[in-house]
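J.: Residue 107 is where the sequence shown starts when you use my numbering, and the numbers rise one by one after that.
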Amino acid sequence: MAYLGNPSRTKEVINKYHLNAQKKFGQNFLIDDGVLEDIVSAAGITKDDTVLEIGPGIGTLTQYLAEAAGCVIAVEIDDKLLPVLEDTLSEYDNTKVLNSDILEVDIKALSDEYNSGKPFKVVANLPYYITTPIIMKLLEEGSPVESITVMVQKEVADRMQEQEGSKEYGALSIAVQYYAEPCVVCVVPPSSFIPQPGVDSAVIKMTRYEKMPVEVKDEQFFFKVVRAAFSQRRKTLVNGLSNNKELGISKDMAGDALEKIGRTRTERGEKLSLKEFAQLSDILLDSLGK
């Protein structure tokens with residue numbers, strides 16, 4: 107039985123191994139069995155699934171995943187937690203712990219070895235300081251990933267699902283929504299963790315699209331345009347794009363492209379939808395003769 111959702115049992119393990127949460131790894135141990143059950147339920151885990159867990163910590167979420175899934179591959183960067191995980195996961199023969207940095211892991215090779223090349227369902231209580239790099243690695247590299255269900259800082263979860271017109275809408279919103287459909291599952295208060303973080307958290311599920319919702323001529327150029335559009339939020343899109351030397355776009359080119367998609371030359375990035383950014387990048391690419 108999964109028992110680490112119980113605060114007293116978690117404290118027993120922490121005391122037994124004289125653990126201190128490592129700030130450099132963004133460690134906060136989840137102690138709310140209701141939230142743990144919500145994560146497993148939202149991820150849609152069944153015995154047919156092989157789950158890739160990132161940062162299992164002391165094995166709290168891993169226990170719940172192991173009971174629901176066919177197999178759990180847990181990637182943990184902190185080698186001091188390996189003996190803890192050996193203890194807390196000793197009853198589960200369907201778990202495999204790998205001591206590695208997820209940002210350096212070849213997820214396709216991992217899938218070939220442990221999941222017959224099929225897509226993983228990724229589940230994690232992510233360290234706040236490295237949330238975006240991990241999510242973008244999972245989405246951008248074409249990794250075999252069916253869905254990503256993760257605990258992140260609430261404001262980051264909000265940004266991922268924001269739509270155009272919002273102050274929180276930005277490059278992360280567009281990047282996530284280009285690859286996947288995001289949906290916030292629940293909000294989690296600081297009291298659900300040891301130690302307590304200073305902000306609310308949220309569980310968000312991103313279901314990977316089989317076909318992108320928009321088509322672009324050059325994906326790399328598209329994301330350069332998006333990043334340039336939000337690199338100087340107070341500036342107009344014309345200024346933001348023309349100030350980016352890497353793009354090589356003049357103010358006239360940017361202004362003309364905006365007018366072609368029905369926008370004014372004074373528009374700011376947060377006003378454009380994902381579809382409009384796709385149209386804008388294609389027009390700019392044509393203007394550059396690429």
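Ideal placement from N, C-alpha and C gives every residue a C-beta, glycine not left out.
Small disclaimer: the values here were computed from a predicted structure and weren't measured.
What residue range does the beta strand (DSSP E) around Leu142 cover?
T.: Counting along the chain, Leu142 falls outside any beta strand (DSSP E), though it belongs to the alpha helix (DSSP H) covering Asp139 to Ala149.
J.: Give me the Cα-Cα distance between Asp154 and Val190, rounded to the nearest whole angstrom.
T.: If you take the alpha carbons of Asp154 and Val190, they lie about 27 Å apart.
J.: Just to confirm, are Pro288 and Pro250 a CB contact at a threshold of 7 Å?
T.: In this structure, Pro250 does not lie closer than 7 Å to Pro288 by Cβ.
J.: For the alpha helix (DSSP H) that Glu252 lies in, which residues bound it at each end?
T.: Looking at the DSSP string, Glu252 is not in any alpha helix (DSSP H); the run it does join, the beta strand (DSSP E), is Val251 to Gln259.
J.: For Ile240 and Glu210, I'd like the C-alpha separation in whole angstroms.
T.: So the alpha carbons of these two residues sit roughly 10 Å apart.
J.: Does the stretch 189-207 come close enough to the stretch 225-238 that 3 or more CB-CB pairs lie under 8 Å?
T.: No, they do not touch.
J.: Quick one, which of Leu188, Pro301, Ser147 and Glu316 has its alpha-carbon nearest Leu245's?
T.: For the residues Leu188, Pro301, Ser147 and Glu316, the minimum Cα distance to Leu245 belongs to Glu316.
J.: Do three or more CB pairs link the stretch 334-351 to the stretch 364-381 at distances below 8 Å?
T.: Because the criterion of three Cβ pairs below 8 Å is met, the stretch 334-351 and the stretch 364-381 touch.
J.: Can you find at least 3 beta carbon pairs, one from the stretch 348-364 and one from the stretch 288-298, that sit closer than 8 Å?
T.: Not touching, per the Cβ criterion.
J.: Identify every residue that forms a DSSP beta bridge with Thr313.
T.: Answer is Ser253 and Glu287.
J.: Which residues in the same chain as Val322 place their Cβ atom closer than 8 Å to its Cβ, once the five residues preceding and following it in sequence are excluded?
T.: Correct list, in chain order: Phe328, Ala384, Ser387 and Asp388.
J.: With Val119 as the anchor, note down where its alpha helix (DSSP H) starts and where it stops.
T.: Looking at the DSSP string, the run of the alpha helix (DSSP H) that includes Val119 is Pro113 to Lys122.
J.: Report back the beta-carbon spacing between Leu390 and Met359 to the nearest angstrom; my notes put them in contact at under 8 Å.
T.: At roughly 7 Å, the Cβ-Cβ gap stays under 8 Å, so Leu390 and Met359 are in contact.
J.: So which of Phe336, Tyr284, Arg340 and Val332 has the shortest CA-CA distance to Thr313?
T.: Nearest of Phe336, Tyr284, Arg340 and Val332 to Thr313, Cα basis: Tyr284.
J.: Can Val293 and Ala277 be called in contact, C-beta distance under 7 Å?
T.: Their beta carbons are not under 7 Å apart, which means Val293 does not touch Ala277 by this criterion.
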